[in-house]
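As given, the protein sequences belong to chains C and B, one line each in that order. Using the numbering used here, read the first sequence as starting at 57 and increasing by one per residue. Using the numbering used here, read the second sequence as starting at 232 and increasing by one per residue. Quick reminder that beta carbons are idealized off the backbone N, C-alpha and C, glycines included. Beneath this line is the structure, given in structure tokens, with notes to follow.
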Amino acid sequence: MTWSDLLLRLKAVVFHVRVEDELAEELRAHVEFETRRGVRAGLSPSEAERAARVAFGGAAQVAEQCRDERGITWFEDFAKDLSYACRQFLKQKYFVAVAVLTLALGIGATTAIFSAVNGVLLRPLPYISPERLVNVWSSIPSKGIPQMGFALPDLEAVAARNHSFESVAGYFLGDVNIAGETPQRVPAVIATANMFQLLGANAALGRTFSASEQSFGKHYVVVLSDALWRSRFGARPDIIGEVVRLNGKMYNIIGVMRPSFQFPSPDIQLWLPMSFSPQDGMATRDNHFISAIARLTPGASVFRANADVQAIALNLQREFTENAGIEGGVSDYFTSVVGDVRPALLILLGAVGLVLLIACVNVANLFLSRASARQREFSVRTALGAGRSRLVRQLLTEAALLGSLGACLGIALSAWLLRLIRVYGPGEIPRLQDIHIDIRVLAFTAALTLVSVLLFGLAPAFGLSRIEISEAMKAGGRSVTTGKGAGRYRDALVIAEVTLALVLVIGAGLLLRSLAALNLVDPGFRPDHVLTMSLSAPDAAWTSSAKIERFYGELNQKLEQIPSVKAAGASTALPIANVGGWGKNFPVEEHPASRSSDVPLIQYRQVTPHYLRALQIPILEGRFFTEDDDSSRPLIAVINESARRRFFPNEDPIGKQVHLGVFWFSVNMRRSVSPKGRKMPPFGRGFSRHRDLSVRCISL
Amino acid sequence: MPPGSSLDLMQGTLDLLILRTLESGPRHGWAVSDRIQQISQDLKVNQGSLYPALHRLEHQGWIKAEWGVSELGRRARFYRLTATGRKQLVRETEMWARLTAAIGRVLEMA
């Protein structure tokens with residue numbers, strides 16, 4: 057279609073009346089000229105005019121052919137079909153309501169889930185050249201640890217020795233108390249000073265870290281998230297340079313990030329430079345707690361970088377005895393962010409796609425029964441000269457109108473669904489907060505609608521193939537016989553629908569079964585009537601472990617004095633929650649390991665004496681801690697059933713000696729709290745009486 | 232020219248004749264058919280195909296229509312050849328020459 061053609065067509069549509077008038081005028085002029093010739097040849101005017109008209113033929117047919125040549129009929133037909141469809145639909149409100157609602161449900165659900173897929177899986181991460189970002193990690197394959205954090209010296213070695221990265225940054229998560237009239241506890245990231253530069257992120261206000269702020273003593277600076285700046289500091293532009301008390305120490309506010317910046321997750325409210333005093337004891341070779349992200353040099357591959365990091369790790373093994381068994385690796389950062397949820401989201405998309413298919417089949421069926429009711433109408437139109445393609449176009453126009461209505465309603469529905477997903481969606485799905493309906497989603501919905509319209513709109517067209525004009529006319533309009541083809545088509549629709557529904561039901565059933573099975577797994581404690589909260593004793597004020605122990609003792613007492621509280625206990629990490637616990641070497645005195653890399657690992661937590669009572673965990677053998685087990689008494693530890701099976705097969709664990717950190721503990725026994733089925737590290741689990749600075753989670 | 236005895240146009244030749252007729256200047260529809268009949272002396276242009284053909288050619292951008300006043304003072308729609316129409320005329324004339332020459336050869340020699 058050329059431009060002039062398009063213009064003509066548009067002109068024909070917009071100036072419809074004028075074009076028709078002009079055509080009539082042109083043809084009239086012809087007849088007049090012909091008449092004058094007749095008169096010149098000696099005929100009387102009336103005779104001449106009659107002759108001219110006869111010679112000209114049917115003016116209406118000529119006009120029609122001219123219109124055809126101009127190609128205006130396509131638009132006219134469409135406009136006519138559309139207005140006809142509107143009039144039909146106004147008469148069939150229930151049919152329209154059911155069809156549009158069905159479509160809206162299918163399209164809305166699919167659009168909502170596709171928005172999530174788009175936002176989580178398809179949109180690039182909000183950093184500069186995100187495809188060059190990789191995760192770097194340590195691992196101890198011999199102990200079954202596929203990935204863990206770096207010890208600071210190892211991270212520094214990787215940063216110095218690699219040939220694959222532009223830069224390597226380390227970070228770890230921690231909660232920070234903000235002091236003030238209303239104290240607040242916010243999730244924070246403690247990161248090496250080069251993190252922002254590595255991600256390619258600048259501050260919206262002020263600046264990010266400078267390299268010198270990583271040295272101890274100069275590290276009292278903080279960068280705020282846009283959200284925290286707005287909610288806590290009233291979005292004041294003069295905030296830079298102000299001092300804020302974090303975990304009891306004064307920090308300088310040096311920058312505020314843009315609203316779009318997030319790392320590594322959107323809930324992080326502030327960023328602090330990573331810095332350790334020699335007294336911290338954090339920067340040792342056996343303390344693996346730092347996550348690492350790196351930017352590949354242009355052209356470097358993840359594969360080569362992985363070999364590079366692994367080679368460095370092997371060298372470190374030779375250089376330091378503490379590094380025995382520790383390997384390393386690199387993986388694509390994007391995959392590490394969304395890897396876990398990709399299959400789940402795609403399955404969900406498939407499921408809602410099936411729902412949409414079912415919706416289409418349903419609407420197709422509605423259309424089909426409506427078409428058989430309209431058999432007579434179509435027969436009459438066919439008898440009057442309407443071609444089959446003309447009738448199919450009429451049906452498709454109706455379908456398109458329904459589809460558009462369904463799509464509009466569906467998009468509104470999906471916007472509402474997205475709000476629900478953002479509020480109630482599982483927190484583990486990354487980037488869920490920034491999903492929204494964008495151009496790509498709308499294009500997807502449009503394509504989806506088009507396919508749906510074709511799917512259900514063409515259904516009755518098959519039924520049209522066998523219109524027997526005379527039969528339908530003879531039956532006087534009461535007959536709704538459909539051809540054999542239509543009947544078979546409808547059978548196919550029903551079969552398809554039942555099949556699709558069955559697939560969905562089976563899928564949903566399996567999902568429910570897994571969920572039920574997961575809920576039936578005995579978690580080892582009584583989760584009902586348990587409340588949790590978390591707090592931390594700031595480093596600044598709680599300098600000795602005796603002081604902290606006293607604080608938690610008093611807190612526990614006061615909590616248990618509340619009439620509705622039966623028991624209160626504290627732990628460094630809550631059960632089942634996968635954060636906050638950490639692993640420890642578990643050398644049993646009676647089973648000495650020949651090499652340090654063979655010493656087994658155990659997941660371990662520090663708890664207060666009433667912890668078991670609060671969670672109603674039964675003791676199987678031996679005893680649990682009491683208030684009397686203070687620092688003056690021999691150190692003791694408690695293990696669970698699976699730890700017993702692993703470390704003390706066929707022997708009585710009670711009274712055995714193990715070495716945890718610097719202390720020897722004797723062993724007691726309790727039931728397992730890491731059942732199969734839950735996603736848990738494959739370790740036994742031990743407890744020791746808390747006496748550590750970082751005891752922080754308390755469960756009531 | 233007694234009616235009934237004149238030749239009917241061969242399929243597809245009307246476009247060529249219209250383009251050629253308009254080469255000498257803008258004309259309205261009746262004048263086009265009149266001119267073809269006069270010059271050919273033997274061709275009858277069916278009005279029922281003349282106007283659809285004019286609209287088709289306009290549609291293809293080979294001729295352009297404007298309202299004007301005829302020599303007899305009647306308002307009429309005048310068609311004139313466009314630049315692309317001129318090129319098309321050259322092309323179609325050449326095709327026609329080749330076609331008639333080829334047919335002529337077959338009729339003579341076969």
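Outcome for residue i when other beta-carbon atoms lying within 10 angstroms are tallied against a minimum of 16
i, result
"residue 513/C", "buried"
"residue 74/C", "exposed"
"residue 336/C", "exposed"
"residue 480/C", "exposed"
"residue 357/C", "exposed"
"residue 403/C", "exposed"
"residue 700/C", "buried"
"residue 546/C", "buried"
"residue 371/C", "exposed"
"residue 188/C", "buried"
"residue 191/C", "buried"
"residue 213/C", "buried"
"residue 150/C", "exposed"
"residue 122/C", "buried"
"residue 340/B", "exposed"
"residue 665/C", "buried"
"residue 148/C", "exposed"
Contacts around residue i, its chain only, beta-carbon distance under 7 Å, and the 5 residues preceding and following it disregarded
i, result
"residue 267/B", "248, 252, 274, 276"
"residue 563/C", "407"
"residue 243/C", "229, 231, 323, 324, 325"
"residue 398/C", "177"
"residue 315/C", "282"
8 Å Cβ shell around residue i - same chain, five flanking residues per side excluded
i, result
"residue 270/C", "248, 249, 329, 330, 331"
"residue 95/C", "101, 104"
"residue 284/C", "242, 325, 326"
"residue 341/C", "207, 209, 210, 376, 378, 379"
"residue 387/C", "190, 191, 193, 358, 362"
Amino acids of chain C, ordered along the chain, whose beta-carbon sits closer than 8 Å to that of residue i
i, result
"residue 283/B", "118, 121, 122, 124, 125"
"residue 303/B", "89, 92"
"residue 306/B", "81, 85"
Cβ distance (whole Å) where residue i is taken to contact residue j below 8 Å
i, j, result
"residue 350/C", "residue 224/C", "4 Å"
"residue 675/C", "residue 668/C", "7 Å"
"residue 336/B", "residue 82/C", "With 8 Å as the limit, residue 336/B and residue 82/C do not qualify as a contact, their Cβ atoms being about 42 Å apart."
"residue 662/C", "residue 627/C", "7 Å"
"residue 90/C", "residue 261/B", "6 Å"
"residue 282/B", "residue 554/C", "The pair is not a contact, with the Cβ atoms about 58 Å apart (cut-off 8 Å)."
Cβ-based neighbour list, residue i, same chain, cut-off 6 Å, excluding 5 preceding and 5 following
i, result
"residue 217/C", "368"
"residue 560/C", "410"
"residue 158/C", "415, 418, 419"
"residue 222/C", "351, 353"
"residue 237/C", "none"
"residue 298/C", "309"
"residue 733/C", "Note that residue 733/C scores 31 on pLDDT, short of 50, meaning its location in the model is unreliable; the coordinates nonetheless yield the value given after this. Same-chain partners within the cutoff: 574, 577."
Neighbour list for residue i in chain C, Cβ cutoff strictly below 9 Å
i, result
"residue 261/B", "85, 86, 87, 88, 89, 90, 93"
Pair within 8 Å by beta-carbon distance, residue i and residue j
i, j, result
"residue 453/C", "residue 145/C", "no"
"residue 474/C", "residue 493/C", "yes"
"residue 198/C", "residue 364/C", "no"
"residue 551/C", "residue 176/C", "no"
"residue 111/C", "residue 269/B", "no"
"residue 509/C", "residue 456/C", "yes"
"residue 246/C", "residue 276/C", "no"
"residue 655/C", "residue 712/C", "no"
"residue 437/C", "residue 447/C", "yes"
"residue 312/C", "residue 260/C", "yes"
"residue 470/C", "residue 167/C", "yes"
"residue 423/C", "residue 516/C", "yes"
"residue 390/C", "residue 202/C", "no"
Chain B residues whose Cβ lies nearer than 7 Å to that of residue i
i, result
"residue 111/C", "278"
"residue 105/C", "Going along chain B, no residue has its Cβ under 7 Å from residue 105/C, so there is no contact; the nearest lies around 14 Å."
Closer than 7 Å at the beta carbon, the chain C residues around residue i
i, result
"residue 287/B", "125"
C-beta neighbour in chain D for residue i, strict 8 Å
i, result
"residue 243/B", "Going by chain labels, chain D is absent from the structure shown, which instead holds the protein chains C and B."
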